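Engineer:
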């Protein structure tokens, strides 16, 4: 079964069964919610859609974005991403990770649910596709 591995430098801290994920967070300065929907393939993540509640420092809304239900939505044109590398510190707060797969309803939890609270000693995390037994 395909899933998401969470860890760093190939060291697996947690595995979560998933075919699709939504990664969301609140911008530390602008306090604006950001969300990205990914489909998981054996070779990596496909970013299918992104949503942002507003613009701000480093968060310009793309010209092709459409305002739907209070969020600017758009489809980034990126190649398959073999890995997602995320900064993760106590000052910035935690990510929310929602996962879903066939026959399973979407489950959403703070990333700390799977890997513990963000720490200054470990200020980053990586996500990649992996086989879960």
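In the UniProt record's numbering, the protein residues as written are 1 to 133.
By construction, the Cβ of each residue, glycine as well, lies at the ideal position given by its N, Cα and C atoms.
Since we're looking at a predicted model, the values are computed, not measured.
In angstroms with no decimal places, state the Cα-to-Cα distance between residue 19 and residue 29.
Structural biologist: About 32 Å.
Engineer: Near residue 42, which residues of its chain fall below 7 Å by C-beta distance, leaving aside the five closest residues on each side in sequence?
Structural biologist: So the list reads 2, 129, once near-sequence residues are dropped.
Engineer: Just to confirm, are residue 21 and residue 78 a CB contact at a threshold of 8 Å?
Structural biologist: No.
Engineer: From the DSSP secondary-structure annotation, give me the bridge partner or partners of residue 37.
Structural biologist: Answer is 22, 49.
Engineer: Could you check the C-alpha separation between residue 40 and residue 9 for me, to the nearest Å?
Structural biologist: Near 20 Å, if we compare the C-alpha coordinates of residue 9 and residue 40.
Engineer: Per DSSP, what are the beta-bridge partners of residue 14 in this structure?
Structural biologist: Bridge partners of residue 14: 6.
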